[in-house]
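Residue 209 in full-length UniProt numbering sits at position 209 of the sequence shown; the count goes up by one each step and never skips. Even for Gly, the Cβ is constructed at its ideal location relative to N, Cα and C. Computed from a prediction, not measured in an experiment: that's the story for all the values here. Notes to accompany the following structure.
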Amino acid sequence: MTTPHTPQPQRKSDGKGWLDFGPRNLSRDNENRDILVPPVTDHGTMPNMRYSFSDAHNRMEEGGWAREVTIRELPASDELAGVNMALAPGAYRELHWHKEAEWGLMLYGNARITAIDENGQSYIDDVEEGDLWNFESGVAHSIQALDKGCEFLLVFSEANFSENQTLLLSDWLAHTPDDIVAANFKKTEEELASLPKAEKYIFNGTIPGSIEAEKRANPNGDVVNPLTLHLDKIAPIQSEAGRAWILDQKVFPAAKTISAAIVEVEPGGMRELHWHPKSSEWQYYIKGQARMTVFNSNGLARTYDFSAGDVGYVPNVAGHYVQNTGDETLVFVEVFRNPDYSDISLNKWLATTPVNNVAEHLNLPKELVQNLPQAETPQPVIWFDKDKAAKKPF
């Protein structure tokens, strides 16, 4: 049944399209207006570059849950994969390791991180909302929720990574002969009879005491570069319509594989037109609503809509923007399989190219080209509709 408020595949700007009488999923059509009615600038066939964690299978465990978006769910994402996980107070993501690098962002609550690297050096720290961690390939680690419980995002350096295929402490010992385990620990088999007989993965535990009370002595000492980064220690790039934190090995030396930017866009603002020259962009939307058009040469362009909990993807060097289409601050994270963050701004490019060159390319008067944006400092977040910012409901 259609009503005057039912979204229809009709485009007023050029009169194309017609009514859709159903059957149809109206909630999906409302979430993805730019797929139902693409802007006239969209053209050609491009792969899907949006997937929601809400559509991902959720693995339920004692003390928490985990769901993943890999190349299986989002085939266009051929460099990175992501996991969304939550732990109840005291619960563990058990001691484990994997061949992929892991980049983590706390979304809610607090947790304790422990790790040991290939030099036998250890690390322990507590993280809260907005803080990061990084474990390179092979680094053994654990995550335990503290008194608030926690939820976090994990990004891995391989597109086909699966959270279900990590190397777990309990699983390893359960599949090693009992006499070998006993000999390794210099104990009897009887003393170790209570060892787990299968993997634990996520399980309930006891909320730990302070780091000072819990930390054990290690003759090899602590890791050279901290494996966590507290966001309040990093100064953001302040822009006219928002701000951005650039998080790469320059400020987080332990992150040798993955870099990122956390971006905030005010209502009426947009992440400017740009591209990334070194790697593809894997996005996670934390708060708000967004619109993005991806241009990938040969006249190919497609527009996508995003909400909190969605994953977006932009192929290497593809041009794009991210517009805040809601009434609250948009917050999202851009993640790259490269230790160095890099981007090229369209505004900066045109502002540093000879005026006549730009004018003749764009069929514009030289006077207009001279007045195109020429910010001396980076302005990754600019106004799309400055008047909208004055109408914020808070």
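Asked	Found
Environment of THR114 [buried if 16+ CB atoms lie within 10 Å]	buried
Through-space distance from MET60 to ALA88, alpha-carbon basis	12 Å
Under the three-state DSSP convention, the category GLU31 falls into	helix
Cβ separation of LEU231 and PHE252, assumed to be a contact under 8 Å, to the nearest whole Å	Wrong, their Cβ atoms sit about 10 Å apart, outside the cutoff.
For GLN370, three-class secondary structure by DSSP	helix
Integer-rounded CB distance, given that TYR313 should sit under 8 Å from ALA76	5 Å
Residue from ASP178, GLU68 and GLU62 whose Cα sits closest to the Cα of PHE203	GLU62
Straight-line gap, SER157 to THR6 (C-alpha atoms, nearest Å)	42 Å
LYS348, DSSP secondary structure in three states	helix
Contact the stretch 373-385 vs the stretch 293-313: 3+ CB pairs below 8 Å	no
According to DSSP, residues forming a beta bridge with ILE124	THR114
C-alpha gap between LEU346 and GLY205, whole angstroms	51 Å
Contact check, ASN338 vs SER279, beta carbons under 8 Å	yes
Residue interval of the alpha helix (DSSP H) (run including ASN338)	No alpha helix (DSSP H) contains ASN338, which DSSP labels as neither H nor E.
Reference GLY64; option with closest CA among ASN298, MET85 and ASP171	MET85
Span of the beta strand (DSSP E) around LYS287	281-287
Buried versus exposed call for residue 473 [16 or more other C-beta atoms within 10 Å across all chains shown]	Given a span of 1 to 394 for the chain in the structure shown, any question on residue 473 remains unanswerable.
CA-to-CA distance, ASP171 to ALA320, given in whole angstroms	Per the sequence shown, residue 320 should be read as His rather than Ala. For HIS320 and ASP171, the distance between alpha carbons rounds to 44 Å.
C-alpha gap between PHE384 and GLY269, whole angstroms	5 Å
Cβ-Cβ distance between GLU31 and ALA56 below 8 Å	no
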